[in-house]
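Asks: In this note's numbering, the protein residues as written are 5 to 179. From the three backbone atoms N, C-alpha and C, an ideal C-beta is built for every residue, glycine too. Fair warning: this is a prediction, and the values are worked out from it, not measured in the lab.
1. In the DSSP assignment, find the unbroken alpha helix (DSSP H) run with residue 42 in it and report its ends.
2. Using the Cβ count rule (16 or more neighbours within 10 Å means buried), how would you classify residue 112?
3. Taking the straight line between their C-alpha atoms, what separation do you get for residue 23 and residue 17?
4. Buried or exposed, going by whether 16 or more other CB atoms sit within 10 Å of the CB of residue 51?
5. Where does the unbroken alpha helix (DSSP H) through residue 127 begin, and where does it stop?
6. If you draw a straight line from the alpha carbon of residue 21 to that of residue 103, how long is it in whole angstroms?
7. Mind reading off the beta-carbon distance from residue 114 to residue 48? Whole number of angstroms is fine, and I expect it under 8 Å.
8. Pick out whichever of 65, 80, 99, 129 has its Cα sitting closest to the Cα of residue 143.
9. Quick check: what's the CA-CA separation for residue 141 versus residue 42?
10. If contact is defined by three or more beta carbon pairs under 8 Å, each pair taking one atom from either stretch, is the segment 26–39 in contact with the segment 79–97?
11. If you draw a straight line from the alpha carbon of residue 69 to that of residue 139, how long is it in whole angstroms?
12. Taking the beta strand (DSSP E) that residue 67 belongs to, which residues open and close that run?
13. Consult DSSP for residue 92 and reduce its assignment to one of helix, strand or coil.
14. Are residue 132 and residue 125 closer than 8 Å when you measure CB to CB?
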């Protein structure tokens, strides 16, 4: 009887230990599944999840919510001219620099597709998104964007789409 109890206790402890390890591995996989493999930024799945939460919060509070979509052109030409690895390095550097600009804790920079990034800006009005857009243009075209890959990055024309939404009751008004 004592041996049986001892074995049951040992099995229970082993089970708990393995269960904890499995839970930790699952949490790690979930974190990886929400990150872009190349840039390390949150990916589209993470963005979609957070956007839904922010949307509900903005409806409840009546605050504005803004999106800045950054679409990069000519990535195919850069990959053909300089090689895929250089194109990837270009995207990594661009995402790093964009991430340095996005500084408020509630703001989110995510990579949606190969050449599309999005910035989610809760509680941001038209002036705030215009200022952020200007800062991004300055970063790309100004003197602070000098580094060894500047030739490649200068070939990256950007299309920036801004949109500010305001919640009015249960309807949505686009500004």
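Replies: If we stick to the structure as given:
1. No alpha helix (DSSP H) contains residue 42, which DSSP labels as neither H nor E.
2. It is buried - the Cβ of residue 112 has at least 16 other Cβ atoms within 10 Å.
3. Cα-Cα distance, rounded: 10 Å.
4. Looking at its Cβ environment, which holds 16 or more other Cβ atoms inside 10 Å, residue 51 is buried.
5. According to the DSSP assignment, residue 127 belongs to no alpha helix (DSSP H), since it is labelled neither H nor E.
6. Spanning the two alpha carbons is a distance of roughly 38 Å.
7. That belief holds up - the Cβ atoms of residue 114 and residue 48 are roughly 7 Å apart, short of 8 Å.
8. Looking at the Cα atoms, 99 is the closest of the given residues.
9. Cα-Cα distance, rounded: 23 Å.
10. No contact exists between the segment 79–97 and the segment 26–39.
11. Between residue 69 and residue 139, the C-alpha separation is close to 19 Å.
12. Where residue 67 is concerned, there is no enclosing beta strand (DSSP E), given that its DSSP letter is neither H nor E.
13. Helix, per DSSP.
14. Cβ distance < 8 Å, so residue 132 and residue 125 count as in contact.
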